[in-house]
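Student: Just dropping this structure here.
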Amino acid sequence: MTNVLINAPKTARKGEVIELKALILHPMETGFRPGTNGRIIPRNIIERFTASWNGAEILRMDLSPAIAANPFVSFFAVATESGKITFRWTGDEGFAVEESVAIDVA
Amino acid sequence: MKGTGVIPRPKAEGPLRPQERSLAALGMTTRLDRRAFLAVAAMLSVLPLASAFATPEAMAAAIKEVVGDKPIREGRVTLDLPPLVENGNAVPLTVSVESPMTEADFIRAIHVFNEKNPQPHVFDARLGPQNGKATIATRIKLGDSQKIVAIAETSKGEFFSASADVIVTLAACLEDIT
Chain A
883 MTNVLINAPK TARKGEVIEL KALILHPMET GFRPGTNGRI IPRNIIERFT ASWNGAEILR
943 MDLSPAIAAN PFVSFFAVAT ESGKITFRWT GDEGFAVEES VAIDVA
Chain B
2 MKGTGVIPRP KAEGPLRPQE RSLAALGMTT RLDRRAFLAV AAMLSVLPLA SAFATPEAMA
62 AAIKEVVGDK PIREGRVTLD LPPLVENGNA VPLTVSVESP MTEADFIRAI HVFNEKNPQP
122 HVFDARLGPQ NGKATIATRI KLGDSQKIVA IAETSKGEFF SASADVIVTL AACLEDIT
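Taken in sequence, the protein lines are chains A and B. Convert by adding 882 to the 1-based position in the first sequence; the result is the number in the numbering used here. Convert by adding 1 to the 1-based position in the second sequence; the result is the number in the numbering used here.
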């Protein structure tokens with residue numbers, strides 16, 4: 883099980899701008915570093931991070947090896963309707979993780 | 002070779018040696034002495050190593066790829082980054098752009114570039130009016146003391162930028178220490 887940490891408010895007023903924070907456990911291996919045997923460790927990064935609100939994409943981010951290990955992203959969104967916010971990470975070696983949180987918008 | 006080497010060697014006449022002939026073919030007609038040859042050889046051996054890392058030119062090229070020929074204006078973008086970093090492995094970075102973030106006027110994208118990491122890109126984020134606030138925070142790796150540039154693209158197709166200089170005392174590890 884991949885470790886994902888999401889920080890999002892459980893409730894929000896309609897129209898409120900809320901902060902969403904997402905952290906995922908991942909080495910973000912750059913592909914430029916030699917390992918203990920002297921050979922270059924192959925690149926293994928998360929290439930894309932997306933967030934969607936009830937299926938509609940609210941943020942898309944293309945990451946590079948320059949993003950620190952265990953990528954952390956914080957961004958904002960306007961609370962429109964109750965439902966779920968889905969975070970998705972995809973990357974090298976078929977890496978794909980999806981995590982959702984529920985939100986109540988009054 | 003004896004002496005200090007400051008006395009110029011007399012120009013030798015006679016046929017060119019093989020390595021001189023190949024240099025002559027390249028348009029270098031002057032006879033190279035051993036010292037000059039070593040200097041050139043040392044330069045050539047270093048070149049491929051240097052090109053393995055991004056340079057300010059590589060960053061400029063990467064920026065041009067995103068922006069095209071449009072002008073980039075200073076302002077509206079705030080790039081928050083500590084000026085002195087002890088550990089380049091995880092450097093907090095926040096980019097915020099002044100924008101009403103309405104359907105009519107919003108920030109479409111935020112791009113971040115670096116000068117001296119192996120590659121010039123850091124991240125490209127696509128935003129929209131649904132974000133309410135054009136702010137992205139993350140943590141990045143820095144391989145050296147360098148300049149970071151953030152560029153924001155508005156819905157009207159304008160580009161704004163901000164840059165920050167960072168001093169890194171311990172670069173993002175080049176070796177696997179785990």
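A virtual CB, placed ideally from N, CA and C, is assigned to each residue, including glycine.
Can you name the start and end residues of the beta strand (DSSP E) that Pro57 (chain B) belongs to?
Tutor: Not the beta strand (DSSP E): Pro57 (chain B) falls in the alpha helix (DSSP H), residues 57–68.
Student: Can you pull the DSSP bridge partners for Gly973 (chain A)?
Tutor: For Gly973 (chain A), which the question treats as bridged, DSSP gives the partners A:Ile928, A:Phe977.
Student: Residues of chain B with a CB under 9 Å from the CB of Arg942 (chain A): which are they?
Tutor: Chain B residues near Arg942 (chain A): Asp125, Ala126, Arg127, Leu128.
Student: Please report how far the alpha carbon of Met2 (chain B) lies from the alpha carbon of Gln120 (chain B), in whole angstroms.
Tutor: Low confidence applies to Met2 (chain B): its pLDDT is 46, below 50, so where it sits in the model is not reliable, and the reading given next is rough at best. Looking at the two C-alpha atoms, the distance is approximately 45 Å.
Student: Output yes if chain A places a C-beta closer than 9 Å to the C-beta of Pro1 (chain B); else output no.
Tutor: Because chain B here runs from 2 to 179, residue 1 (chain B) falls outside it and cannot be looked at.
Student: If you follow the beta strand (DSSP E) that Pro231 (chain B) is part of, which residue opens it and which one closes it?
Tutor: Residue 231 (chain B) falls outside the range modelled here, since chain B spans only 2 to 179, and no answer is possible.
Student: Buried or exposed for Thr893 (chain A), please, with buried defined as at least 16 other CB atoms from any protein chain shown within 10 angstroms of its CB.
Tutor: Its Cβ having fewer than 16 others within 10 Å, Thr893 (chain A) is exposed.
Student: When burial is assigned at 16 or more other CB atoms within 10 Å of the CB, is Asp125 (chain B) buried or exposed?
Tutor: So Asp125 (chain B) ends up on the buried side.
Student: Consider the Cβ of Trp935 (chain A): report whether some Cβ of chain B lies at a distance smaller than 9 Å.
Tutor: So yes, Trp935 (chain A) belongs to the interface.
Student: Considering only C-alpha positions, which residue in the set B:Phe107, B:Asn88, B:Ile111, B:Ile168 is nearest to Ser162 (chain B)?
Tutor: It is B:Ile111 whose Cα lies nearest to the Cα of Ser162 (chain B).
Student: DSSP three-state label for Arg921 (chain A), please.
Tutor: Coil, per DSSP.
Student: Return no unless some Cβ of chain A is closer than 9 Å to the Cβ of Arg140 (chain B).
Tutor: So, interface residue.
Student: Quick one: measure Cβ to Cβ for Ile949 (chain A) and Leu902 (chain A), integer angstroms, because I've assumed they're closer than 8 Å.
Tutor: Contact flag wrong, Cβ pair sits at about 17 Å.
Student: For a cutoff of 9 Å on Cβ pairs, would you count Ala51 (chain B) as touching chain A?
Tutor: With a pLDDT of 44 at Ala51 (chain B), under the threshold of 50, the predicted position of this residue should be treated as unreliable, and no value is reported.
Student: What does DSSP give as the partner residue(s) for Pro916 (chain A) in the beta ladder?
Tutor: For Pro916 (chain A), which the question treats as bridged, DSSP gives the partners A:Ile922.
Student: Residue range of the beta strand (DSSP E) that Ser956 (chain A) falls in?
Tutor: 954–960 is the extent of the beta strand (DSSP E) around Ser956 (chain A).
Student: What residues in its chain sit with their C-beta under 7 Å from that of Thr30 (chain B), if we drop five residues either side in the sequence?
Tutor: For Thr30 (chain B), the pLDDT reaches just 49, beneath the cut-off of 50, and the residue's location in the model is therefore unreliable, although a value from the coordinates is still provided. Hits under 7 Å: none found.
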